[in-house]
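Student: This structure is in structure tokens; I'll ask about it shortly.
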Amino acid sequence: MNSLAFSLGVVAAALWEGLRLWQAGLRREAAVTWALWGLGLVLGNVAIHVQPGFSLILWINQFFKPVGRLLTGP
201 MNSLAFSLGV VAAALWEGLR LWQAGLRREA AVTWALWGLG LVLGNVAIHV
251 QPGFSLILWI NQFFKPVGRL LTGP
């Protein structure tokens with residue numbers, strides 16, 4: 201039930217945010233927004249379903265370090 205409520209909330213927020221961009225003609229930004237919300241949806245559901253005591257922090261940190269370098273430079 202928790203994952204269903206979480207998923208519905210994320211989908212509603214993604215649609216709310218992405219559709220405003222799409223209607224404004226910002227197609228690429230809308231697609232990126234939906235991709236990031238989709239990543240959050242997947243990671244959030246994984247976090248809900250994994251065993252207690254398991255931490256995604258290290259994995260998320262390793263994933264976002266290269267993304268941060270790509271966006272901000274070396």
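Using the numbering used here, the final residue of the sequence shown is 274, and nothing's skipped along the way.
For glycine and all other residues, C-beta sits at the position ideal for the given N, C-alpha and C.
Fair warning: this is a prediction, and the values are worked out from it, not measured in the lab.
Three or more beta-carbon pairs under 8 Å between the stretch 206 to 221 and the stretch 236 to 245, yes or no?
Tutor: Short answer: they touch.
Student: What is the DSSP secondary structure of residue 266, reduced to helix, strand or coil?
Tutor: Looking at residue 266 - three-state DSSP - the assignment turns out to be helix.
Student: What does the Cβ neighbour count give for residue 268, buried or exposed, with the cut at 16 atoms within 10 Å?
Tutor: Residue 268 is exposed by the Cβ-count criterion.
Student: Is the beta carbon of residue 203 sitting closer than 7 Å to the one on residue 245?
Tutor: Contact: yes.
Student: Between which two residues does the alpha helix (DSSP H) harbouring residue 240 extend?
Tutor: Run containing residue 240: 227 to 249, per the alpha helix (DSSP H) assignment.
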